[in-house]
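Peer 1: Let me begin by handing over the structure; questions about it come next.
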Amino acid sequence: MDITNFLHENNLLSPLFVLSTSLLLLFIIKQTKLLLSKNKIKLPPGPPQLPIIGNLHQVGDNPHVSTAKMAKKYGPLISLHLGKQLLVVASSPDAAMAILKTQDRHLSSRTVPAAFQQEAIIPHSLIWSECNQTWKNLRTLCRTEMFSTKALEAQSRIREEKVGHLLDFLRRKQGQVIDLEDVVFTTLLNTLSSIIFGKDMVQFSDEHGRRDWFKESIYKVIEYGSRIKDVGSFYPILERFDLHGTTKGTMKVFDKVFAYWEVIIEERRSLINSSTWSSEKTQYFLDRMLQNGFSSNQIYQLVMELFVAGTNTTTSTVVWNITELVRHKEAILSKVEDEMKSVNNLDLTAISQQSKLPYLQACIKETFRLHPPVPLLLPHLAAETCEVMNYTIPKNTKIFVNLWAMGRDPQLWDDPLTYNPERFTDSKVDFKGQDFELLPFGSGRRMCPGLPSGIKSVEFILSSLIREFDFTLPDGYDSSKLDMEESFGIAMKRKNPLKLIFKQKHPY
Numbered sequence: 001m002d003i004t005n006f007l008h009e010n011n012l013l014s015p016l017f018v019l020s021t022s023l024l025l026l027f028i029i030k031q032t033k034l035l036l037s038k039n040k041i042k043l044p045p046g047p048p049q050l051p052i053i054g055n056l057h058q059v060g061d062n063p064h065v066s067t068a069k070m071a072k073k074y075g076p077l078i079s080l081h082l083g084k085q086l087l088v089v090a091s092s093p094d095a096a097m098a099i100l101k102t103q104d105r106h107l108s109s110r111t112v113p114a115a116f117q118q119e120a121i122i123p124h125s126l127i128w129s130e131c132n133q134t135w136k137n138l139r140t141l142c143r144t145e146m147f148s149t150k151a152l153e154a155q156s157r158i159r160e161e162k163v164g165h166l167l168d169f170l171r172r173k174q175g176q177v178i179d180l181e182d183v184v185f186t187t188l189l190n191t192l193s194s195i196i197f198g199k200d201m202v203q204f205s206d207e208h209g210r211r212d213w214f215k216e217s218i219y220k221v222i223e224y225g226s227r228i229k230d231v232g233s234f235y236p237i238l239e240r241f242d243l244h245g246t247t248k249g250t251m252k253v254f255d256k257v258f259a260y261w262e263v264i265i266e267e268r269r270s271l272i273n274s275s276t277w278s279s280e281k282t283q284y285f286l287d288r289m290l291q292n293g294f295s296s297n298q299i300y301q302l303v304m305e306l307f308v309a310g311t312n313t314t315t316s317t318v319v320w321n322i323t324e325l326v327r328h329k330e331a332i333l334s335k336v337e338d339e340m341k342s343v344n345n346l347d348l349t350a351i352s353q354q355s356k357l358p359y360l361q362a363c364i365k366e367t368f369r370l371h372p373p374v375p376l377l378l379p380h381l382a383a384e385t386c387e388v389m390n391y392t393i394p395k396n397t398k399i400f401v402n403l404w405a406m407g408r409d410p411q412l413w414d415d416p417l418t419y420n421p422e423r424f425t426d427s428k429v430d431f432k433g434q435d436f437e438l439l440p441f442g443s444g445r446r447m448c449p450g451l452p453s454g455i456k457s458v459e460f461i462l463s464s465l466i467r468e469f470d471f472t473l474p475d476g477y478d479s480s481k482l483d484m485e486e487s488f489g490i491a492m493k494r495k496n497p498l499k500l501i502f503k504q505k506h507p508y
């Protein structure tokens, strides 16, 4: 059989086959040229990659764990290829400092997840937009009106009231099994909604299912934003097809939540635009946004980000703290209780007194170390080519900082897998962005502006629960064997809910 007949009989000369083969060859040639050009520069080391998919098969469902293992083999700064996307992951304080401080100006752009790559989102985003003047104005507004010392003091009554509602609910439910995540989430959601809108969003009883709907909506947004392996992210040519339904799913959630908020916003807008309004009547963050001329889309986006950041990560931090205290009742929880008894001259029902509990503060730091709320800091993007630790970071490289890996590094911490708050009792290490071995809120210009608010909520909820209640696991379950499985996402929470039985203590 001659070659021509063979090609015809096997349809190897069909236009579709010729076109497909040509495109594949062009792709292989382009990738080969790309690899050869990259071999001329000194990238951080990393595992060998496969054609087309790169290191995609090695990342897995828990990239904070897989990249931590790679760092042990290749060093604190590694490079990976997910399709056409180059990733660099930092897993040491020195590498983190080089990225977040030394080269902050070059490496503080954002790589936007497929879920949020919408014209209606990015220009109004505090998290995903570029570090331009609009972004600076948003951060200034949030810092001044939401997170400044003056703003936090003004919010104290609201926070105390909402935690009071939590304690009242738990008193009524003594002896019943409670999902801790649900009630903490409700407390934080209502705290934020009262600060922003002047009203609660949900009720603890959740008779109409609104709390579950809000919680599911916020968690869906986080799930869509956490999809590191979304095909469109590392094969841009496929991005428009939304193969995972990420963009469609995100916009569906946004549309439903925004429709619910629209009534609240328009009622307030009408009041502010009325002839009877005066600036002295300003009460809520929504008022400030409206007075600054924010459009509905701007308000929707900023409020959604405040709710996502202010409920999910803080809820996760409270739950992980209680998890560790339940596991270590005799050794650690008892010390927190003793500390509270020793300061009986303080009014621990006031949020302003929480900073006077140093051992509880040490427990919170230790929980941040072992269970960082964001295990991989939200990805940065190299706006310009630069050098980090004598390696070249090309323009448009996606960059992660692995906080989970640093928190469990035996070169940084003695007995790193053991929960031991004492390591912080005489330590000056803090989580405010200057100590690069402990960065739960990040560092540099992309550092979370909500740190002051988040930490106050964590401290106050924890101290209130510990002061008021004894808590045990259902069915006499051995607390020392409590499972510690994680569920990876933008925020890392427990895989299985922490369910507890609360019993009110006698007053100290």
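Per UniProt numbering, the sequence shown starts with residue 1, numbered consecutively. Think of the CB as a built atom: it goes at the ideal place given N, C-alpha and C, for glycine as much as any other residue.
Could you pull out every unbroken beta strand (DSSP E) segment of at least 3 residues lying fully inside the segment 221–300, listed in chain order?
Peer 2: none
Peer 1: Does the pairing of the segment 233–243 with the segment 267–277 give three or more beta-carbon distances under 8 Å?
Peer 2: no
Peer 1: Helix, strand or coil for Arg-494? Go by DSSP, reduced to three states.
Peer 2: strand
Peer 1: How is Asp-94 classed by DSSP in three states: helix, strand or coil?
Peer 2: helix
Peer 1: Could you tell me whether the Cβ atoms of Gln-354 and Glu-459 are closer together than 7 Å?
Peer 2: yes
Peer 1: Let's test the definition: count the other Cβ atoms within 10 Å of the Cβ of Gly-46 and tell me whether it reaches 16, buried, or not, exposed.
Peer 2: When all chains shown are included, Gly-46 counts as buried.
Peer 1: Could you say if the segment 447–464 and the segment 297–313 meet the contact criterion of at least three C-beta pairs nearer than 8 Å?
Peer 2: yes
Peer 1: Judging by CA-CA distance, which residue of Thr-425, Pro-44, Asp-230 is the nearest neighbour of Gly-245?
Peer 2: It is Asp-230 whose Cα lies nearest to the Cα of Gly-245.
Peer 1: Tell me Arg-110's beta-bridge partners as DSSP assigns them.
Peer 2: His-380
Peer 1: Please report how far the alpha carbon of Leu-12 lies from the alpha carbon of Leu-238, in whole angstroms.
Peer 2: In this predicted model, Leu-12 has a pLDDT of only 47, less than 50, meaning its place in the structure is not dependable; the value taken from the coordinates is given anyway. Their backbone Cα atoms lie some 26 Å apart in a straight line.
Peer 1: Is Arg-494 buried or exposed, if buried means 16 or more other CB atoms sit within 10 Å of its CB?
Peer 2: buried
Peer 1: Who are the Cβ neighbours of Pro-113 in its own chain at under 6 Å, not counting the five residues just before and after it?
Peer 2: Gly-225
Peer 1: Are the beta-carbon atoms of Ser-92 and Pro-44 separated by less than 7 Å?
Peer 2: Not closer than 7 Å, so no.
Peer 1: Report yes if the CB atom of Asn-62 is closer than 7 Å to the CB atom of Phe-368, and no otherwise.
Peer 2: No Cβ-Cβ contact shorter than 7 Å links Asn-62 with Phe-368.
Peer 1: Quick check on Leu-473: does DSSP put it in helix, strand or coil?
Peer 2: coil
Peer 1: Rounded to the nearest angstrom, how far is the Cβ of Lys-398 from that of Leu-86, given a contact under 8 Å?
Peer 2: 7 Å
Peer 1: Just the C-alpha distance for Asn-496 and Asn-402, rounded to the nearest angstrom, thanks.
Peer 2: 23 Å
Peer 1: To the nearest angstrom, how far is it from the Cα of Gln-155 to the Cα of Asn-297?
Peer 2: Put simply, the backbone Cα of Gln-155 is about 26 Å away from that of Asn-297.
Peer 1: Only counting the same chain, and skipping five residues up and downstream in sequence, which positions put a Cβ closer than 8 Å to that of Asn-10?
Peer 2: Here the model assigns Asn-10 a pLDDT of 48, short of 50, so the residue's position is not dependable, and the following value carries that caveat. None.
Peer 1: If we call anything under 7 Å between Cβ atoms a contact, is Phe-471 one with Gln-174?
Peer 2: Not in contact: Phe-471 and Gln-174 (Cβ atoms no closer than 7 Å).
Peer 1: For Leu-166, which of helix, strand or coil comes out of DSSP?
Peer 2: helix
Peer 1: Cβ of Asn-190 within 7 Å of Cβ of Lys-162?
Peer 2: yes
Peer 1: Can you give me the start and stop residues for the alpha helix (DSSP H) that Ser-194 sits inside?
Peer 2: 180–196
Peer 1: From Lys-40 to Glu-384, what distance separates their C-alpha atoms?
Peer 2: Near 18 Å, if we compare the C-alpha coordinates of Glu-384 and Lys-40.
Peer 1: Report all residues from its chain with a CB closer than 8 Å to the CB of Ile-332; omit the five preceding and five following residues, and keep chain order.
Peer 2: Glu-324, Leu-325, Cys-363, Tyr-419, Pro-421
Peer 1: From Pro-358, Ile-121, Ile-178, pick the residue whose C-alpha is nearest to that of Phe-343; which is it?
Peer 2: Note that residue 343 corresponds to Val in the displayed sequence, not to Phe. Of Pro-358, Ile-121, Ile-178, the residue nearest in Cα terms is Pro-358.
Peer 1: Enumerated in chain order, which unbroken segments of the alpha helix (DSSP H) with a length of 4 residues or greater are wholly contained in the segment 388–452?
Peer 2: List check, alpha helix (DSSP H) in window: 403–407.
Peer 1: Roughly how many whole angstroms lie between the Cα atoms of Ile-127 and Gln-301?
Peer 2: 10 Å
Peer 1: Using DSSP with H/G/I as helix, E/B as strand and the rest coil, what is Cys-386?
Peer 2: Note: Cys-386 maps to strand in three-state DSSP.
Peer 1: What would DSSP say about Lys-215, mapped onto helix, strand or coil?
Peer 2: helix
Peer 1: Can you tell me the Cα-Cα spacing of Ala-151 and Leu-180, whole angstroms?
Peer 2: 28 Å
Peer 1: With respect to the beta strand (DSSP E) encompassing His-64, which residues constitute its N-terminal and C-terminal limits?
Peer 2: Not the beta strand (DSSP E): His-64 falls in the alpha helix (DSSP H), residues 63–74.
Peer 1: Locate the alpha helix (DSSP H) running through Ile-364, then write down its first and last residues.
Peer 2: 358–370
Peer 1: Got a sec? Which residues, its chain only, sit under 7 Å from Phe-185 by beta carbon, not counting five neighbours each side?
Peer 2: Around Phe-185: Lys-215, Thr-311, Thr-315.
Peer 1: For the beta strand (DSSP E) holding Lys-499, just list the boundary residues, first then last.
Peer 2: 499–504
Peer 1: Run through DSSP, which three-state label would Gly-310 get?
Peer 2: helix
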